[in-house]
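Protein chains in written order, with the numbering used here: chain A, 1 to 264; chain B, 1001 to 1215; chain C, 2001 to 2218. The structure appears right after this line, and notes come after that.
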Amino acid sequence: MNHEGDHMTDQKPFVDIRHAQKSYGVLEVLKDINLQVQKGQIVAIIGPSGSGKSTLLRAINDLDPLTGGEIWLEDKQINMKLPHRQYEKHINLVRQEIGMVFQHFNLFPHLTVRGNVTLAPKMLKGLSEADANKLAEEQLDKVGMLERIDYYPSQLSGGQKQRVAIARALAMNPKVMLFDEATSALDPELVEEVNLVMKKLAEEHMTMIIVTHEMSFAESVCDRVLFMDQGVVVEEGPPEVMFRNPTSDRTKEFLRKHLAAQHP
Amino acid sequence: MDFELMQKVFPFFLEAAWITVLLSVLTTILGLILGAVGASARLSRFALVRFLGAAYVSVFRGTPALIQLFILYFGGPQIGIQLDAFQAGVIGLGINAGAYMTETIRGAIIAIDKGQIEAARTVGLSRFQTMRYVVLPQAMRLMIRPLGVNINAMIKATALVAAISVVELTYTAQRFIGSTYKPFEMFLIAGVLYMIIIYITGQAVSWLDRKARIS
Amino acid sequence: MGLDFTVIPQYLDIILWGSVWTILITLGAAAVSFIGGMFLAVIALYAPLFVRLPFRAFAFLFMGTPLLLQLFLIYFGLVQVGIDVPAIMAGIIGLGLHFAVYNSELFQTGILAVDKGQIEAARTLGLSRMQALRKVVVPQAIRDVIPPIGNNMIALLKDSALVSVIGVSELTLSAQRAIGSTYRPFEFYVLVAVIYYIINIFMEAAQRRVERRVQASR
């Protein structure tokens, strides 16, 4: 666990979410969320389903645009209001700097592992075939999937697919990695291999925002934990406090229920 | 767009449309009968009968309908079959339609859950009784929509008889294109009339489908 | 009058040349119908409304009218607007366009059926909508709709016989030439029926092979 994230208020935030608000018609899913993440920090967001945690994560790279508020990455506003064509150009560039890993992997089934990882670098960064392959091999080696580089996603297990998905995101050299319940869809035996890769990334000081149900993993890897419920951040703090001795009753209630479910 | 001309020729197209409708109705009836026969053949206990059914489907779906029409109309006399163009059209297209409908009907019958058949046989019903009282009633419901698709194709296929000079919609369109040099107008009149026929038929099929589902 | 198949060998070369043309016309029209179908599908799904509506109307018109009528329109219509195309071109365009409309319906269904997560993953990497469409969605959509598209290609082969009516020199017309000299329609039409059937069988086999190869990378 790194300690860079302990110096909070002086440094300019790396990811800055200001007054994030999201409504679907009359239903308010995010109500005035403010969150600042420093470079190299690892933040976990926990909470019951419907709390808005995934919505918040997906707003960061504008996959589900906010209806109010701003999201900043370093000195760029991600959800800038721009005319359509300019917006498209802008968001595509920004997204290259944000890596995202999905609950259901979303690997491209018609491409091999190699194809999945090299697609974006070749198309968007103009890498040659040789350079892209080298890059892919590096990233896949990092996640331990190098020997399956010419396999198709359908031939891989869930944990293997997710590791490839992580390599695919890393190949674009992002500044921030977003994880949307990355292990929720995996069989229990396969969760550990993905957690190990995420731990490795943490050790390399990648800025990470992780939406998760895995409390023990969050505790061991993260600098900060946010508990969200019904569209607001109820409480936040370092993992030792949040998991052992939270202040809010709602946090206590959620953890009690959740841990009971995990250890019947 | 020469509307005046279109008005003048419209009565001819209307008359031709009735021929198209007549052709469609007759070929559909023939097609349904042959389809039922073909489906029973393909589901028969006897391998030879099954083979003949499969051959019928394979040959008539695997060769152009136009050629089938030509063999019957132009080649028929050589083997003692003398038909006028209209008769050749109905019989030729009817046999062709029957091949497609065989598969549609057979598909609907096969789709009925095997458990139904097992339950019926277990209770003591014969193969025939099972088919008549358990399978067919349910299969009928399933086959209406897909048969509607076949009929839709059938209506458009009647255009082929223009090639053997039956005075229906497409023949009339060709005739007037030749004399007026206004292909777009003639296409439009014929096209709209075809679409009306198809639409009405489609509504009838939907109505039948709804009725079948209610019972 | 009876039957006499011995007249055939003399005209076999004309018939075989006709077969070659039929195969070429079928392949040409198939290519037009495939590319045209994909193009029309993208327009039907993603173009602005004032473009989508006329295309929808056009598709509706083409699916509700007989192919033969459409061939007359295209052949005589092109001459009308001053574009003098040889009948074979009109035939390929007519056939291609007719089936492009049907294929476009299939492609639209295929594109819409591609999992939303695929588009999200592609966009997340930074790909634009067009790039995501081209490299991620369309390849998957094509794989999914190969069986019905294959069936359309086979239907195209059989419908290619209709271009003989506008004077295109292919298999059916070659039979009619032979019949013109020998007055033996039954023999020659049965012969070409057999040839169409054989080509049909080859196309079905090819379709099965393509389907198998696609299965491997699913």
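Built from N, CA and C at the ideal position, the CB exists for glycine as well.
Distances from the alpha-carbon of residue 13 of chain A to those of A:28, A:207, A:52, A:229 put A:207 closest.
Counting the other CB atoms within 10 Å of its CB gives residue 2086 of chain C a total below 16, which places it among the exposed residues. Rounded to the nearest angstrom, the Cβ distance from residue 46 of chain A to residue 225 of chain A is 6 Å, consistent with a contact under 8 Å.
The Cβ atoms of residue 2175 of chain C and residue 2192 of chain C lie closer than 8 Å to each other. Collapsing the DSSP output to three states places residue 69 of chain A in a strand.
Of all residues in the region 2078-2096 of chain C, only 2080 come within less than 7 Å of chain B when Cβ atoms are compared, listed by chain position.
Excluding its 5 nearest sequence neighbours in each direction, residue 1198 of chain B has C-beta neighbours in its own chain below 7 Å: 1152, 1155, listed in chain order.
Note on geometry: alpha-carbon atoms of residue 75 of chain A and residue 149 of chain A lie some 37 Å from one another.
Pairing residue 2008 of chain C with residue 2187 of chain C gives a Cβ-Cβ distance under 8 Å. Between the region 2090-2107 of chain C and the region 2027-2037 of chain C, the count of Cβ pairs shorter than 8 Å is three or higher; the stretches touch. Listed in chain order, the alpha helix (DSSP H) runs fully inside the region 136-190 of chain A are 158-170, counting runs of at least 4 residues. The beta carbon of residue 2177 of chain C sits closer than 7 Å to the beta carbons of 2014 from its chain, once the five residues preceding and following it are set aside; these are given in chain order. Within the region 50-133 of chain A, the complete alpha helix (DSSP H) runs of at least 4 residues fall at 53-60, 84-95, 113-125. Residue-level contact by beta carbon holds for residue 2120 of chain C and chain A, with a gap shorter than 8 Å. For the pair residue 1210 of chain B and residue 1124 of chain B, the Cα-to-Cα distance works out to about 32 Å.
The DSSP assignment places complete alpha helix (DSSP H) segments of no fewer than 4 residues inside the region 2022-2094 of chain C at 2049-2063, 2067-2080, in order along the chain.
Interface flag for residue 1017 of chain B against chain C is unset, since no Cβ pair is found closer than 8 Å. Membership of residue 1004 of chain B in the alpha helix (DSSP H) is indicated by the continuous run 1003-1042. Judged by their CB atoms, residue 2189 of chain C and residue 1070 of chain B are nearer to each other than the 8 Å cut-off.
A residue is called buried when at least 16 other Cβ atoms come within 10 angstroms of its Cβ; residue 84 of chain A does not meet this threshold and is exposed.
Under the 8 Å Cβ criterion, the region 1040-1050 of chain B does not count as touching the region 1171-1185 of chain B, having fewer than three qualifying pairs. In this structure residue 1160 of chain B is in contact with residue 2068 of chain C, their Cβ atoms being roughly 7 Å apart against a cut-off of 8 Å. Taking a C-beta distance under 8 Å as the contact criterion, residue 2199 of chain C and residue 2091 of chain C do not qualify as a contact pair. Looking at A:62, A:16, A:26, the one whose alpha-carbon comes closest to that of residue 43 of chain A is A:16. At least one C-beta of chain C is nearer than 8 Å to the C-beta of residue 120 of chain A. Bounds of any alpha helix (DSSP H) do not take in residue 23 of chain A; it lies within the beta strand (DSSP E) bounded by 15-24.
In the three-state DSSP reduction, residue 36 of chain A falls in the strand class (E or B). Ranked by Cα distance from residue 1102 of chain B, the first of B:1058, B:1206, B:1129 is B:1058.
In the structure shown, the three-state DSSP call for residue 1092 of chain B is helix.
Per the coordinates, the alpha-carbon of residue 71 of chain A lies some 39 Å from the alpha-carbon of residue 147 of chain A. Close to residue 1194 of chain B, with beta-carbon spacing below 9 Å, are these residues of chain C in chain order: 2064, 2065, 2066, 2069.
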